[in-house]
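Have a look at the structure below before the remarks.
2 protein chains.
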Amino acid sequence: MKLSEGVEWGLHCGVLLGFVGPDASLPTARLAEYHGVPGAYLAKHLQAMSRAGILESVQGPGGGYRLARPAADITVLEVVEAIDGRESAFQCAEIRRRGPSARPAREYRVPCSIHSLMNRADEAWREELRRVSLADLMGQVVAGASPKGLEQGARWMQEVLK
Amino acid sequence: MKLSEGVEWGLHCGVLLGFVGPDASLPTARLAEYHGVPGAYLAKHLQAMSRAGILESVQGPGGGYRLARPAADITVLEVVEAIDGRESAFQCAEIRRRGPSARPAREYRVPCSIHSLMNRADEAWREELRRVSLADLMGQVVAGASPKGLEQGARWMQEVLK
DNA sequence: GGAGTGATACTCGGATATCTGGTGTCCGAGTTTTCGCGG
DNA sequence: CCGCGAAAACTCGGACACCAGATATCCGAGTATCACTCC
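So the protein lines, in turn, are chains F and X.
Positions in the first sequence are counted from 1; adding 303 to them yields my numbering.
Positions in the second sequence are counted from 1; adding 303 to them yields my numbering.
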């Protein structure tokens, strides 16, 4: 079970776009350059986030992506689900209904206990991600990054948005 | 992010072996037959569980697998980790250190906030699976299955162990 | 009848193919900007 | 100098290759069983 690498990219992009603010936008190429990742592939994930209503796209020169809503209203879970999909990690194949001890379908009224447990665990995972917004992450970045790093990032952004 | 199908198989096999008890064992072919899954592939996962110290293998005719410990002492998490691996679903690539705003390594003293959050979520997921043992699952099966289904399963087991 | 011995059948264990989904890339559709021209 | 228009450049969006890991399978190593033979 491995989470798509694009999830990390999407989250970082979301945080960066949060710093950019609602009145400007960054194109895929800049976002990729800033994070040191292949732009052509990053585009795929940004499109997914756009379809999910997390990002807004602006066409033409000077365009790019920006957050569709305030960063405080976007949860990490939304980003993860937009990129990695909304379905649970565990897909119950109902193998209890197969083999020599199989019974007619109507006798399986209680859901598979393994399935239930897995769903519970999955929900716990999602709940943790739901608790945190992009704004929260932005705050942690500001609090945790070195002053020089923040200044360097601000300088880069100023240069790009110019 | 999709969990290996083998996890479901391994858990069901663990539960079934719990019912078999510590004095008998079931070979791969019987376990596969009971669950209606390809035996050659199931073998791979049973081997993994054996390596992890969850199952014990008995060679030769009449041999097979049995639980290495009481079912109450085996958590679902153990089985999942034995088959799917022990590492977190999220692998932080530290992309914050790349690109134009990168800083010397010593300036990154605080762990990446995204990484921390993902680890927290992962731990919540694992904690749910740690809470439940194979014995718990066995109890739920007994409580939830239809009487006819239980009898049919018992009959099959009696036939196989004969 | 009982013990020893060899063959046999059955089991696990790891090494080997195949295939789906993630990874990576590309080009076309659409829009904004910009430059040139005319008034 | 100002307005208009066409061209150009830049952007997103979806369609197209490639590759690693999961899926699926096989055969060899090892052992308990069983039958046969001999005492």
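Note that CB positions come from ideal geometry on N, CA and C, so glycine has one too.
Boundaries of the beta strand (DSSP E) in which residue i is found, first to last residue
i	result
Leu-359(X)	Looking at the sequence itself, residue 359(X) is Glu, so the reference to Leu does not match. 358-361 is the span of the beta strand (DSSP E), which, as asked, contains Glu-359(X).
Arg-369(F)	367-370
Check: residue i C-beta below 8 Å from any heavy atom of the ligand MN
i	result
Met-460(X)	This structure does not include the ligand MN; it has no bound ligands of any sort.
CB of residue i within 9 Å of CB of residue j, strictly
i	j	result
Arg-401(X)	His-338(F)	yes
Ala-375(X)	Ala-446(X)	no
Leu-319(F)	Leu-329(F)	yes
Glu-384(X)	Leu-420(F)	no
Ile-398(X)	Glu-359(F)	no
Ala-351(F)	Ile-377(F)	no
Arg-369(X)	Val-323(X)	yes
Gly-367(X)	Arg-333(X)	yes
Ser-404(F)	Gly-452(X)	yes
His-471(F)	Cys-395(F)	As displayed, chain F neither begins before 304 nor continues past 465, which places residue 471(F) out of reach and without an answer.
Ala-392(F)	Met-304(X)	yes
Arg-433(X)	Val-361(X)	no
Ala-327(X)	Ala-427(F)	no
Opening and closing residue of the alpha helix (DSSP H) in which residue i lies
i	result
Gln-394(F)	Looking at the DSSP string, Gln-394(F) is not in any alpha helix (DSSP H), and its letter there is neither H nor E.
Gly-452(F)	450-464
Arg-354(F)	342-354
Val-318(F)	308-323
Local Cβ density within 10 Å of residue i, reported as buried at 16 or more and exposed below that
i	result
Gly-313(X)	buried
Gly-388(F)	exposed
Arg-409(F)	exposed
Glu-390(F)	exposed
Gly-309(X)	buried
Val-435(F)	buried
Arg-429(F)	buried
Val-444(F)	buried
Glu-381(F)	buried
Val-340(F)	buried
Ala-457(X)	exposed
Gly-321(X)	buried
Ala-343(F)	exposed
Counterpart residues of residue i in DSSP-defined beta bridges
i	result
Ser-436(X)	Thr-378(X)
Leu-329(X)	Tyr-368(X)
* To do: Output, in sequence order along the chain, the residues in the stretch 319-339 of chain F whose CB is closer than 7 Å to any CB in chain X.
  => Glu-336, Tyr-337, His-338, Gly-339
* Anything in the stretch 435-449 of chain X with a Cβ closer than 7 Å to a Cβ of chain F? List those residues in chain order, please. => Val-435, Leu-440, Gln-443, Val-444, Gly-447, Ser-449
* Mind checking the stretch 375-394 of chain F against chain X and listing, in chain order, the residues whose C-beta falls within less than 8 Å of any C-beta there? => Val-379, Asp-387, Gly-388, Ala-392, Phe-393, Gln-394
* Anything in the stretch 400-412 of chain X with a Cβ closer than 7 Å to a Cβ of chain F? List those residues in chain order, please. => Arg-401, Gly-402, Pro-403, Ser-404, Arg-406, Glu-410
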